[in-house]
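Engineer:
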Amino acid sequence: MITTWTWLSTKPNGVLAALVALQPPDGDAEKTPTSSEIPVAIRCVVLIMELALVSGGAFLLLLSSSVFGVLIRSLIGGDVAAHLCESAAFCWGLVAFMSWFFQQPKRELARRLEGFSWSSGKTCLASILLHSVAVMVLTSWAENQELVSWSNVETAVRQSDGSVATVETIQNLLLAPIKEELFFRGVIMLVCINRLQSLNRSAWISSFLFAAIHLVNARHVGTQYSVSYVMVQVVWAWLVGLFLALKLAVSGSLTQCLALHVINNIFALSVSKTNAMDMTQPATTCSVIASLAIYVIAIARQLQLLSNNQAGRKDK
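If you use mature numbering (1 follows the signal peptide of the UniProt record, and there is no 0), the sequence shown corresponds to residues -17 to -1, 1 to 299, in order.
Okay, here's the thing in structure tokens:
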């Protein structure tokens, strides 16, 4: 069953809610139009304003939560606890911001997005199996021993002195996915759906922004990452972001998107960040093509479900 998103636009929200607040209280005032009543060009302008608003709000939340994390670190001296409190503050602030923006109670907003069905569990299990098979096949080919190997996992979870990089591991595998899903799928995607009234276009916008944010890693090329790693990461982020955005559009479950994101990040630990990817190697070329094909099929499946749902509504 495809999720319906009509609850987003039951009353004016975002910039339109601000226009309502500016109207005089008398009954002769003109009624503020809903998103569906506004011309597409005007909707796009409003969307750009709202994306700038939510992005600026998220940036301020990120700064304030960082200050909160520093305060916690100075009080209790634990890096793990400080990062957990910092992420919790950011997520709580973002949920409160979403509640204000969409004119929805926080509990109601959480209830609509946190569902996790049996179908969601099967999707996550299928993702684990596919990633496991891919890693086992790639590590069995001699040409890929440096690019994909279990030693890369050990390198990723350990510091230079050999100790476990607890903070970095928790950050990469749990905290970063939570914050990214809450912002890119929970905020950006919903803002676009709310204003454009189009699930497909909203997914494309969300995925492009998700890929663009990964370009910041280009500043670490040569020290932490290779050029090929950053290029593949950006393309991969676009594919994964598009799939997750469409998955949210279909299922309505942000929890499922988070679980899939965590699974992706766990298996990404096996990929070398510093070795260049040689596309002249048959094993590398085949693995890239196979990975792209799997995600293209998964994305096409979500698009088909959305298309069938729209066709079914027209028939009714």
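Backbone N, C-alpha and C define an ideal beta-carbon position, used for all residues, glycine too.
Which word fits Phe85, buried or exposed, when buried means at least 16 other C-beta atoms lie within 10 angstroms of its C-beta?
Structural biologist: Locating residue 85 in the sequence shown gives position 102, where the first residue counts as 1. Looking at its Cβ environment, which holds 16 or more other Cβ atoms inside 10 Å, Phe85 is buried.
Engineer: Just to confirm before moving on: does the CB-CB distance between Leu112 and Phe80 stay below 8 Å?
Structural biologist: Within the sequence shown, residue 112 is the residue found at index 129, counting from 1. Within the sequence shown, residue 80 is the residue found at index 97, counting from 1. Not a contact, by the Cβ cut-off of 8 Å.
Engineer: Could you spell out where the alpha helix (DSSP H) holding Asp62 opens and where it closes?
Structural biologist: As a first step, residue 62 is located in the sequence shown; it is residue number 79 there, counting from the start. Note, Asp62: alpha helix (DSSP H), Asp62 to Phe85.
Engineer: CA-CA distance, Ala148 and Glu137?
Structural biologist: By 1-based counting over the sequence shown, the position of residue 148 is 165. By 1-based counting over the sequence shown, the position of residue 137 is 154. Distance between the alpha carbons of Ala148 and Glu137: 10 Å.
Engineer: For His66, which of Asn177, Leu158 and Arg90 has the nearest alpha-carbon?
Structural biologist: If you number the sequence shown from 1, residue 66 lands on position 83. Out of Asn177, Leu158 and Arg90, Leu158 has the C-alpha closest to the C-alpha of His66.
Engineer: Alpha helix (DSSP H) containing Glu163: first to last residue?
Structural biologist: In the sequence shown, residue 163 corresponds to position 180, counting from 1. Element bounds for Glu163: Ala159 to Glu163.
Engineer: Provide the residue span of the alpha helix (DSSP H) that contains Thr122, from first to last.
Structural biologist: Reading the sequence shown from its first residue, position 139 is the one you call residue 122. That run of the alpha helix (DSSP H) goes Trp101 to Ser123.
Engineer: In the DSSP assignment, find the unbroken alpha helix (DSSP H) run with Leu(-10) in it and report its ends.
Structural biologist: Translated into positions along the sequence shown, residue -10 becomes position 8. First-last for Leu(-10): undefined, no H or E at that position.
Engineer: Hey, out of Gln216, Thr(-12) and Ser253, whose CA is closest to His114's CA?
Structural biologist: As a working mapping, residue 114 is identified with position 131 in the sequence shown. The shortest C-alpha separation from His114 is found at Ser253.
Engineer: How many Å lie between Val170 and Ala228 at the Cα?
Structural biologist: In the sequence shown, residue 170 corresponds to position 187, counting from 1. In the sequence shown, residue 228 corresponds to position 245, counting from 1. So the two alpha carbons sit approximately 11 Å from each other.
Engineer: State the Cα-Cα distance for the pair Gln180 and Ala232, rounded to the nearest angstrom.
Structural biologist: One-based indexing of the sequence shown puts residue 180 at position 197. One-based indexing of the sequence shown puts residue 232 at position 249. Their Cα atoms are separated by approximately 12 Å.
Engineer: Do Ala194 and Gly224 have their CB atoms nearer than 8 Å?
Structural biologist: For the purposes of this step, residue 194 is taken as the residue at position 211 of the sequence shown. For the purposes of this step, residue 224 is taken as the residue at position 241 of the sequence shown. It is a contact, given that the beta carbons lie within the stated cut-off.
Engineer: Where do the N-terminal and C-terminal ends of the alpha helix (DSSP H) with Leu36 fall, by residue?
Structural biologist: As a working mapping, residue 36 is identified with position 53 in the sequence shown. First-last of the alpha helix (DSSP H) with Leu36: Val23 to Ile59.
Engineer: Ordered along the chain, which non-local residues of its own chain (more than five positions away) have a Cβ less than 6 Å from that of Gly(-4)?
Structural biologist: Within the sequence shown, residue -4 is the residue found at index 14, counting from 1. Answer for Gly(-4): Glu33 and Phe84, listed in chain order.
Engineer: Measure how close the beta-carbons of residue 347 and Arg168 come, nearest whole angstrom, since I'm counting them as under 8 Å.
Structural biologist: No statement about residue 347 is possible, as the shown extent of the chain runs from -17 to 299 and does not include it.
Engineer: Please report how far the alpha carbon of Ala1 lies from the alpha carbon of Ile55, in whole angstroms.
Structural biologist: Sequence index remark: in the sequence shown, residue 1 carries index 18 (1-based). Sequence index remark: in the sequence shown, residue 55 carries index 72 (1-based). Roughly 36 Å between the two C-alpha positions.
Engineer: Can you name the start and end residues of the alpha helix (DSSP H) that Lys89 belongs to?
Structural biologist: Position 106 of the sequence shown, counted from the first residue, corresponds to residue 89. Residues Lys89 to Leu96.
Engineer: Below 7 Å CB to CB, which residues in the same chain sit around Val215 once its five sequence neighbours on both sides are set aside?
Structural biologist: Within the sequence shown, residue 215 is the residue found at index 232, counting from 1. For Val215, where only same-chain residues beyond five positions count, the Cβ hits under 7 Å are Met260.
Engineer: Does the distance from the C-beta atom of Tyr278 to that of Leu222 stay below 8 Å?
Structural biologist: Here residue 278 refers to the residue found at position 295 when the sequence shown is read from its first residue. Here residue 222 refers to the residue found at position 239 when the sequence shown is read from its first residue. Yes, Cβ-Cβ distance for Tyr278 and Leu222 is below 8 Å.
Engineer: Can the beta-carbon of Ser185 be found less than 8 Å from the beta-carbon of Cys175?
Structural biologist: As a position in the sequence shown, residue 185 is number 202, starting the count at 1. As a position in the sequence shown, residue 175 is number 192, starting the count at 1. Closer than 8 Å, so yes.
Engineer: On a CA-only basis, which of Val118, Leu182, Leu(-2) and Gln154 is nearest Ile25? Give me that one, please.
Structural biologist: Walking along the sequence shown from the start, residue 25 turns up at place 42. When only C-alpha atoms are compared, the closest one is Leu(-2).
Engineer: With respect to the alpha helix (DSSP H) encompassing Arg178, which residues constitute its N-terminal and C-terminal limits?
Structural biologist: Position 195 of the sequence shown, counted from the start, is the residue given in the question as residue 178. Leu173 to Leu179 is the span of the alpha helix (DSSP H), which, as asked, contains Arg178.
Engineer: Buried or exposed: Met172, going by 16 or more other Cβ atoms within 10 Å of its Cβ?
Structural biologist: Counted from its first residue, the sequence shown places residue 172 at position 189. Counting Cβ neighbours within 10 Å, Met172 comes out buried, since at least 16 surround it.
Engineer: Classify Ala35: buried if its beta carbon has 16 or more other beta carbons within 10 angstroms, exposed otherwise.
Structural biologist: In the sequence shown, counting from the first residue as 1, residue 35 sits at position 52. Ala35 comes out exposed.
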